[in-house]
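Take a look at the structure set out below.
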């Protein structure tokens, strides 16, 4: 219970509930869970190309022949990659930065995998880099830095669209969302 | 108190609190409030050009010489107009549709002010119509209908950008927001 309660978002009550749930599991299911926890640390590693987490290197995405390896979508964290994969729209490769530039927290461009991204682009075969860092101050600063680094490469560098979220109401949109939506308007 | 409690969002407790607040007001302030309520019904009317609510006709926006009258931003409701005005970015005119196309609710294009918008465009002097209906099924259908009606006019018809809202995290974005953000990506 102590081990479980140390996990993020799990309080002592939940830990108790989970512990009793594990007691009721079959030996097989309990071992499967134990094995999964073990494997996260033992077998999961970073892909040497895109820095996604995977049990293979290159990862399942980088080595998938059905994907378009001429496009790279740049994200801050592996969980952003998972979210974009869930949307099932994007069929290119990724590049995981490992965070965003935040000078106040001591995180500079050198701490991210930007240099490796520039190498991947230099190696050739890439026609577009889509920057999908978060639409926040730090994410925008990081996007700008990447864009500057890739400027001389001559490839197309794009930023995901910001604007009003699908399904929402204009009436409840913030000033900055409306400003983005107006500035980014597109011909119909 | 009964009259107050009949207003949306005001329960019996709030009505009581407001009633006692009015009792404590000076006669002058209380009359000002009464006059404002009276004026909403007696003096507020629709602008004959843009259908915004105003106590003048044409409304304060249509008659403002500092605004750009060659751009029209089309919104569903007067409250959308207020929200966009609050963002203080847009400096053109408006056109209030009075709702959106919703066949299931019996609202067709003829029930909105689309015909009048087409007339305004036909009258000349307009270079762009920005469609700022909500990013919903009905808002999109309405935008498409307007775009079709204005097709022959030759003027530029744009739609406000949809995408990931400023300040949010990609990790929590829905599939449709991410699809919009990827599809609408722009060169940096």
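Chains as they are written, first to last, in the numbering used here: chain Z, 87 to 274; chain B, 87 to 274. Where is the CB? At the ideal position from N, CA and C, for every residue including glycine.
| query | result |
| --- | --- |
| Which stretch, first to last residue, makes up the beta strand (DSSP E) that contains residue 143 of chain B? | Note, residue 143 of chain B: premise wrong, no beta strand (DSSP E); not H, not E. |
| In chain B, which residues lie less than 8 Å from residue 216 of chain Z when you measure between Cβ atoms? | 268, 271 |
| DSSP state of residue 162 of chain B, grouped into three classes? | coil |
| Quick check on the DSSP output: the alpha helix (DSSP H) that includes residue 225 of chain Z runs from which residue to which? | 223 to 236 |
| Return no unless some Cβ of chain B is closer than 9 Å to the Cβ of residue 132 of chain Z. | no |
| Quick one, which of B:245, B:223, B:257 has its alpha-carbon nearest residue 273 of chain Z's? | B:245 |
| Here's a check: name, in chain order, each residue in its chain whose Cβ is nearer than 7 Å to the Cβ of residue 129 of chain Z, leaving out the five neighbours to either side. | 141 |
| Shortest alpha-carbon distance to residue 254 of chain B belongs to which of Z:229, Z:222, Z:253? | Z:222 |
| Excluding sequence positions up to five away, which residues of its chain have a Cβ less than 7 Å from the Cβ of residue 164 of chain Z? | 138, 139, 182 |
| I'd like to know if residue 138 of chain B contacts chain Z, where contact means its C-beta is closer than 9 Å to some C-beta of that chain. | no |
| Identify the continuous beta strand (DSSP E) that holds residue 244 of chain Z and give its terminal residues. | 242 to 245 |
| Using a 10 Å radius around the Cβ and a threshold of 16 neighbouring Cβ atoms, would you call residue 258 of chain Z buried or exposed? | exposed |
| For residue 101 of chain Z, which residues in the same chain have their Cβ closer than 6 Å to its Cβ, ignoring the five residues on either side in sequence? | 87, 90, 91 |
| With residue 214 of chain B as the anchor, note down where its alpha helix (DSSP H) starts and where it stops. | Element bounds for residue 214 of chain B: not the alpha helix (DSSP H) but the beta strand (DSSP E), 214 to 217. |
| In three-state DSSP terms, what is residue 273 of chain Z? | strand |
| Give me the residue from B:117, B:200, B:122 with the minimum Cα distance to residue 158 of chain B. | B:200 |
| Quick one: which residues of the region 230 to 261 of chain B get their C-beta closer than 7 Å to a C-beta of chain Z? List them in chain order. | 233, 242, 243, 244, 245, 246, 247, 248, 249, 250, 251, 252, 253, 254, 255, 256, 257, 259, 261 |
| Report the partner residues of residue 181 of chain B according to the DSSP bridge assignment. | B:160 |
| Report yes or no: is there a C-beta of chain B within less than 9 Å of the C-beta of residue 224 of chain Z? | no |
| Is the beta carbon of residue 251 of chain B less than 9 Å from the beta carbon of residue 270 of chain Z? | no |
| I'd like to know whether the C-beta of residue 228 of chain Z is nearer than 9 Å to at least one C-beta of chain B. | no |
| I'd like to confirm the pairing. Which residues does DSSP put opposite residue 255 of chain Z in its beta bridges? | According to DSSP, residue 255 of chain Z bridges with nothing at all. |
| Verify the CB distance criterion: does residue 183 of chain Z have a CB-CB separation below 9 Å to chain B? | no |
| Between which two residues does the alpha helix (DSSP H) harbouring residue 202 of chain B extend? | 200 to 208 |
| Residue 217 of chain B and residue 239 of chain B - do their beta-carbons sit closer together than 9 Å? | no |
| Does any residue of chain Z bring its CB to less than 9 Å from the CB of residue 213 of chain B? | no |
| Would residue 173 of chain B count as contacting chain Z if we go by Cβ distances under 9 Å? | yes |
| Just the Cα atoms here: how many angstroms apart are residue 236 of chain Z and residue 196 of chain Z? | 15 Å |
| Can you list the residues of chain B that residue 199 of chain Z reaches, using a CB-CB cut of under 9 Å? | Ordered by position in chain B, no residue passes the 9 Å Cβ test against residue 199 of chain Z, which lies about 17 Å from the chain. |
| Does residue 162 of chain Z pass the burial test, meaning 16 or more other C-beta atoms within 10 Å, or should it be called exposed? | buried |
| Short check: CB of residue 224 of chain Z to CB of residue 187 of chain Z, under 9 Å? | yes |
| Using the beta-carbon of each residue, which ones in chain Z are nearer than 7 Å to residue 176 of chain B? | 268 |
| From the DSSP secondary-structure annotation, give me the bridge partner or partners of residue 193 of chain Z. | Z:188 |
| Determine the closest residue to residue 214 of chain Z out of Z:111, Z:154, Z:147, with distance taken between C-alpha atoms. | Z:154 |
| Does any residue of chain Z bring its CB to less than 9 Å from the CB of residue 165 of chain B? | yes |
| For residue 138 of chain B, report the span of its alpha helix (DSSP H) as first-last. | Run containing residue 138 of chain B: none; DSSP gives neither H nor E here. |
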